[in-house]
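S.K.:
In our numbering, the protein residues as written are 3 to 575.
1) Return the CA-CA distance between residue 118 and residue 393, expressed in angstroms with no decimal places.
2) Which same chain residues end up closer than 7 Å to residue 530 when comparing Cβ atoms and leaving out the 5 residues on each side of it in sequence?
3) Measure the alpha-carbon distance for residue 471 versus residue 418 and round it to whole angstroms.
4) Where does residue 260 land, buried or exposed, given buried means 16+ other C-beta within 10 angstroms?
5) Using only alpha-carbon positions, find the residue among 516, 151, 126 and 489 that is nearest to residue 212.
6) Closer than 8 Å by C-beta to residue 52: which residues in its own chain qualify, once you throw out the five before and the five after it? Chain order, please.
7) Alpha carbon to alpha carbon, what distance is there between residue 372 and residue 128?
8) Counting only the same chain and skipping the five closest in sequence on each side, list residues whose C-beta sits under 6 Å from that of residue 323.
9) So, under 8 Å CB-CB, residue 501 and residue 507 are touching, yes? Tell me the CB distance rounded to an integer number of Å.
10) Rounded to a whole number of angstroms, what is the C-alpha to C-alpha distance between residue 385 and residue 170?
11) Is it true that the CB of residue 344 sits closer than 8 Å to the CB of residue 289?
12) Please identify the residue among 515, 490 and 357 whose C-alpha is closest to the C-alpha of residue 522.
13) Using the Cβ count rule (16 or more neighbours within 10 Å means buried), how would you classify residue 62?
14) Using the DSSP secondary-structure output, state which residues sit across from residue 154 in a beta bridge.
15) Out of curiosity, what's the CA-to-CA distance linking residue 514 and residue 338?
16) Going straight from the alpha carbon of residue 263 to that of residue 135, what length do you get?
17) Cα separation between residue 230 and residue 435?
18) For residue 518, tell me which candidate among 533, 509 and 505 has the shortest Cα-Cα distance.
19) Which first and last residues belong to the beta strand (DSSP E) in which residue 418 is found?
20) In or out: residue 498 buried (at least 16 other Cβ within 10 Å) or exposed?
21) Under a three-way DSSP split, which group does residue 54 fall into?
22) State the DSSP-derived secondary structure class of residue 540, mapped to helix, strand or coil.
23) Can you look up residue 2 in the DSSP assignment and give me helix, strand or coil?
24) Would you kindly check if the distance between the Cβ of residue 35 and the Cβ of residue 443 is under 8 Å?
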């Protein structure tokens, strides 16, 4: 498990079109398959033992809720596999649950769990260093003073091997309370020096993400650790000092010279100062409030089982009351509770609440143990991040490994010996399970990776003007991963031979384009352009009624785009 704890946060692939999430997804699937095969081999030998945990039942209920929501989803393909670049479908929810459960089975006790936690700290240290180098060199290109997902105040926001600053922030925020505990609990000068080094680098890496939700989570987690560690007579000072420091930073930022050249510290201070204008009309806080308000109407329209995992982006536009993110698809409500309620309904939300209560109850029995407090601080830091963002695969995978280690320390439990039947039929069944599980690596690991590699080659060929090569590579990607709608969209775009303005060429293959865009629509593409081009293809082939239906779907997904409105108006005229 130590290898998985180190490798998963670091997994990236320059060969795939999606360089950050997909490599982590297939790597996690490979880890789970390997652990299942190992478990099966142990069963074949007749020496199987399992450990139960307090999270087993609520986690199983959450997975069952996701299954029901997938069966009745607005688009089953989308809810099963998840959208491209997110991958938060039912299969990934099962992956999280299996990763947690198998990690628990692989840990013999608190000692093993601590080693795994240190593996995560090591991975966090490496990612933080890479992120700091990324910020240092990337900021030389002057990314601009405007706030974006990847820059703030003229400084690049670090994302390391996570592909997203907020995701990296969540990971580092989760680890920081544990790093502080390692420093305070160190018994030798060398251990104290090493843990201080790790803590400092993690803190700087977290700072460079400019993720306010991660900062908040880490702050609460670290203050919790310091509060417990401090002598009783100065314990309350650990609560007051962070507030004083925050006020000083805000005041200092307001009085600073705005013409000073931007750097990470100044930009971070400026980021903190934005807290006072968190709900200003153009702020990200105001954006979240508006999306949250719209999401309540979405949830109320299908309250029991929701619209299906990872389907928010396909449904939200129906309830969107304003153009909150011009040119972007809003595919998450930026609050985990609302996201679960929207995709899995109130049943899923109740299961998630039960899971959180089980975590808190398990910790409470070990609340007087210093290490347990640090672990709970890490869990709280991650949960707080999700209250302003959402579950994001690069951070969620290590979280479930972290959770397995935490539960093992909080409640080591006892092993339950499972006595397999000695009959040959049972042994054959166990061997069959091992074989089938091992073979599942082909469709779950090899095929998605090869498909996205082919897709990357296709995109490169498009950039080089090699249409025939691009078409072949994209079709190869579709054959390997037929559930991915972007591959079908790429094929349709190639059939139309779109120019730089997105306009079809005179020699467009309308029939092929129609089939490709229709396939993308059936797979659950949330992109309005998919339906707009489908409408164009239908109209060119004389399918007026179908063209109008497709154009209306494009408008439904983004009624604020003039191109969608113009296409529908043209068809209705």
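Cβ coordinates follow ideal geometry from the N, Cα and C atoms, glycine included.
M.R.: A quick look at the data gives this:
1) If I take the Cα positions, the gap works out to 22 Å.
2) Here the set comprises 556, 559, 560, 563 and 566.
3) Looking at the backbone, the Cα of residue 471 and that of residue 418 are separated by about 57 Å.
4) Because the pLDDT of residue 260 is 49, which lies under 50, any placement of that residue in the model is unreliable, and the number read from its coordinates should be weighed accordingly. By the 10 Å Cβ count, residue 260 comes out exposed.
5) For residue 212, the closest alpha carbon among the candidates 516, 151, 126 and 489 is that of 151.
6) Correct list, in chain order: 107, 417, 418 and 420.
7) Cα to Cα, the separation comes out at about 26 Å.
8) Here residue 323 has 296 as same chain residues with Cβ atoms under 6 Å from its own Cβ, once five neighbours each way along the sequence are excluded.
9) Indeed, because the Cβ distance is near 7 Å, the residues count as touching under 8 Å.
10) Computed Cα separation, rounded: 14 Å.
11) No, Cβ-Cβ distance for residue 289 and residue 344 is not below 8 Å.
12) The alpha carbon of residue 522 has as its nearest neighbour, out of 515, 490 and 357, the alpha carbon of 490.
13) Residue 62 should be labelled exposed.
14) In DSSP, residue 154 forms a bridge with 157.
15) The straight-line gap separating the alpha-carbon atoms of residue 514 and residue 338 is approximately 40 Å.
16) For residue 263, the pLDDT reaches just 45, beneath the cut-off of 50, and the residue's location in the model is therefore unreliable, although a value from the coordinates is still provided. Distance between the alpha carbons of residue 263 and residue 135 is about 19 Å.
17) Their Cα atoms are separated by approximately 47 Å.
18) It is 533.
19) For residue 418, the enclosing beta strand (DSSP E) covers residues 417-419.
20) Residue 498 comes out buried.
21) Coil, per DSSP.
22) Residue state, collapsed to three classes: helix.
23) The question about residue 2 has no answer here: the residues shown for the chain are numbered 3 through 575.
24) Yes, these two residues count as a Cβ contact at 8 Å.
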